[in-house]
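Take a look at the structure set out below.
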Amino acid sequence: MADPRTGTMRNVALVGSTDSGKTTLVEALLAKAGVISRAGRVVDGSTVCDSSDIEKEVGRSLEAALVHFDHGGAHLNVIDTPGGPDFVGRAMAMLPAVETVILTLGAGQEIDTVGRRLMKKAIERDLPRMVVINKIDTGADLAASYEAVRTAFGDNCLPVNLPADGATKVIDCLSGESGESDLGPIEDFHTRILDQIVEVDEELMEIYLEGGELAPEKIQAAFKQALREGHLVPVLFVSAEAGTGIEAFLDAIVELCPNPLEGNPRPFEAGEGDDMKSISPSLDSNAPLLAHVFKITADPFVGKLSIFKVHQGVIKVGDSPHLDDDRKPVRLAHLFKLQGNKHVEVSELIAGDIGAVSKIDEMKRNSVLHDGTLGDHVHLRALELPRPMVGLAVTPEKRGSEAKLADAIAKLTSEDPTLNIERVAATKQTILRGMGEMHLRVTLRRLSEQYGVPVASEPPKVAYKETITIEASGHHRHKKQSGGAGQFGEVFLRVTPLEDGEGEFEFEDATVGGSIPKQFMPAIEKGVRQVLTGGAVAGYPLQRVRVSVYDGKYHPVDSKEIAFMTAGRRAFIDAVHKAKPVLLEPIVAIEITCPEDSIGDVGSDLAGHRGRMLGTDILGGGQALIRGTAPLSEVADYAGRLRSITGGAGSYTMEYSHDEATPVHVQQEVIAAFQPHTDED
Ligand code: GDP
């Protein structure tokens, strides 16, 4: 049996572009629910959700923030997600914790790539969606804003309320049937939404078509089903600043959004490979514990904070559940609910609720707390997040603080799923990668201000990769006779390009008749592998190659492992040179929204930077969406370029797509600059 309190919960995430008014909306909700006496303002840095110094200074959310409050007998957990394109991954990472995703759109503002990607992700993750059109007080054309929503997300986006009397109030058009709204007669919208809702329930449809009376609870049930199935995307109108429609919005969340028991279950799994089985969490508080950590933050007061959602069972202070596959249970000394950056201690968190626990070092994003009875390797099916692509080469400003920097970066990357660090052997640089310029800038500031390690940064050298394009053979005979014992080993091998999906490297022994005794094969493979990291033609990692050793010679006395290692390495380099080697460079997929009249300029700028336009969609409201690809090295400074092309009206997101061969002239330059290390043998 589920705890009756689970049925009163509503977990929602507010998503959408920066400036659509999410943070202000959360303030308005908290004020209406009586949690704060009056709404704070983003411009004063006085809001509950934008609470870090950096957020206050830049006046926008960089992190997702959680708040909770009660309304109409329900308990609401609301997640305010960051709206900047650089933080789209951080916003996506919140989806496992909620039952409904609510896109916030500023009336008269464009629906940018962030909103579109999050709505798409919500569909992928089987999450009901809702749209709230904010800023209706601004005098913007609200009919046009609603049309933009329909063009972007489909005709199943239907209002449940409408602005009226010059957007000074909203009128319910789900239960209401008469009156006049700013967008036309209420009756028309009432009919449209009912037509859509009854489609999911045959019995209801029959009664409806015969003109019969529909019981409100039947309509509500069908509404929820339509919402769950993505058959309906309700649209509401509010002004977070003037307070218009706020109560109706809260009522809609309580009455129309699914509670955790009604929501589509999150896809948990146990085991690995063929033995993997799915687990559908029951949300029963008496069932074995299952909680998922969806966010890690470093809190200035309580230290590391792991934020989780309980999907089954209950967590109480003092409990010692299992954490992932660790044998040793973890003790939960304090539990919290979050109100922005404030923590409220609680004694338990039941199924369906969201809370946090502090100072457990072993906890990571995606960790699972369980009681050990659900099987091994219990996890939530991975949520694919965009891969960070924009990099900066970083070094600590003070010599000797490398370890401190590594430690600080490890903490930051554990918090942020779209940040990573890599030591690139080919360029001898340490590259911090994030989603964009702003993301990296904020990260560098945190390293300096929060962790006390100021870092110097510079644009990274391009991390090319080497590969071969045709099959070829290579040979080397290693012979040394200097004084005492000699060295002898001779290797013939063949290299073949590996196709997509065949992996990065294969090694096989294709010798016959014992031309090389088996015991020397590992030494040959070791020699070959030395080339993989350092490259054969330009000093970059070599990949996608199969190596078959097919012949050779050995000497009963002088053949040693070291001799075969050298022969293997040299034969491999010889073969690669003959196999038409190329340099690959990373290509990113880029999605740009911009005014329609900038399409030409955006396209020619891309073309001028070796990019390609793959398609353009007209979005309505004078906006267009351009999809394209470009070499990463050409779009490292894209934010500034797009700003100047579109006069600040464009936005974009990009993520890794694939590797592609560089043009011949680039390749020749890079190879010419390569100084191979002289062989020490
Ligand atoms: P977020 O980036 O989506 O969190 O948006 P904010 O809450 O920071 O709001 C962006 C700007 O829009 C701020 O200057 C707000 O004061 C303003 N804003 C938010 N909601 C409204 C509204 O309903 N009406 C008007 N006129 N301005 C609003």
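If you count the sequence shown from 1, position 535 lands on 591 in our numbering, and the numbers rise without skipping.
Positions of the beta carbon are idealized from the N, C-alpha and C atoms, including for glycine.
It should be emphasised that the depicted structure is a prediction, and the values quoted were computed from it without experimental measurement.
query: For the candidate residues G492, D330, D614, I253, whose alpha-carbon lies nearest to that of A541?; result: D614
query: Please go through the same chain and pick out, in chain order, the residues whose beta-carbon is closer than 7 Å to the beta-carbon of M261, but skip the five residues on each side of it.; result: V254, E255
query: By alpha-carbon positions, which one of L230, V603, K517 ends up nearest to R489?; result: K517
query: So what's T649 in DSSP terms, helix, strand or just coil?; result: strand
query: Could you give the C-beta distance for N212 and V226, rounded to a whole number, given that I count them as a contact under 8 Å?; result: With 8 Å as the limit, N212 and V226 do not qualify as a contact, their Cβ atoms being about 21 Å apart.
query: Could you tell me if K78 is buried or exposed, where buried requires 16 or more neighbouring beta carbons within 10 angstroms of its beta carbon?; result: buried
query: If you reduce the DSSP assignment to three classes, tell me which class Y507 lands in.; result: coil
query: Is N397 near ligand 1, in the sense that its beta carbon is under 7 Å from a heavy atom of that ligand?; result: no
query: So R66 packs on V294, CB below 8 Å; how close in whole Å?; result: Actually they are not in contact, since the Cβ atoms of R66 and V294 sit about 17 Å apart, beyond 8 Å.
query: How many Å lie between G659 and H665 at the Cα?; result: 10 Å
query: Mind checking I416: buried by the 16 CB within 10 Å criterion, or exposed?; result: buried
query: Which first and last residues belong to the alpha helix (DSSP H) in which F357 is found?; result: Per DSSP, F357 belongs to no alpha helix (DSSP H) and is neither H nor E.
query: In the DSSP assignment, what are the bridge partners of A69?; result: I135, V157
query: Tell me which residues share the same chain as S76 and place their Cβ nearer than 7 Å to its Cβ, disregarding the 5 neighbours each side in the sequence.; result: G139, T160, L161, G162, Q165, N190
query: Over what stretch of residues does the alpha helix (DSSP H) that includes A663 continue unbroken?; result: 655-664
query: Around the Cβ of M57, are there at least 16 other Cβ atoms within 10 angstroms (buried) or fewer (exposed)?; result: exposed
query: Can you say whether L670 is buried or exposed, counting buried as having 16 or more other CB atoms within 10 angstroms of its CB?; result: exposed
query: For D737, which residues of its own chain have a beta-carbon under 7 Å away from its beta-carbon, when the five flanking residues on both sides are left out?; result: A caution first: D737 carries a pLDDT of 47, below 50, which makes its placement in the model too unreliable to give a value.
query: Would you list the residues sitting across from Y712 in a DSSP beta bridge?; result: V644
query: L549 and E562 look like a contact to me (Cβ under 8 Å); what is the Cβ gap, rounded to whole Å?; result: Rounded, the Cβ-Cβ distance is 12 Å, inconsistent with contact.
query: Measuring from the CB of S504, is there a heavy atom of ligand 1 at a distance below 7 Å?; result: no
query: Once DSSP output is grouped into helix, strand and coil, what is the label at D607?; result: strand
query: Here's a check: name, in chain order, each residue in its chain whose Cβ is nearer than 7 Å to the Cβ of D375, leaving out the five neighbours to either side.; result: L388
query: G327: which of L436, K393, K351, E236 sits nearest, CA to CA?; result: L436
query: How do the region 600-611 and the region 571-578 stand: do at least 3 beta-carbon pairs fall below 8 Å, yes or no?; result: yes
query: Pick helix, strand or coil for A84, following the three-state DSSP scheme.; result: helix
query: Need the endpoints of the alpha helix (DSSP H) that R625 sits in, please.; result: 617-634
query: Quick one: grab the DSSP three-state call for K484.; result: coil
query: Is the distance from the Cβ of H390 to the Cβ of S414 below 8 Å?; result: yes
query: Can you pull the DSSP bridge partners for P452?; result: V511
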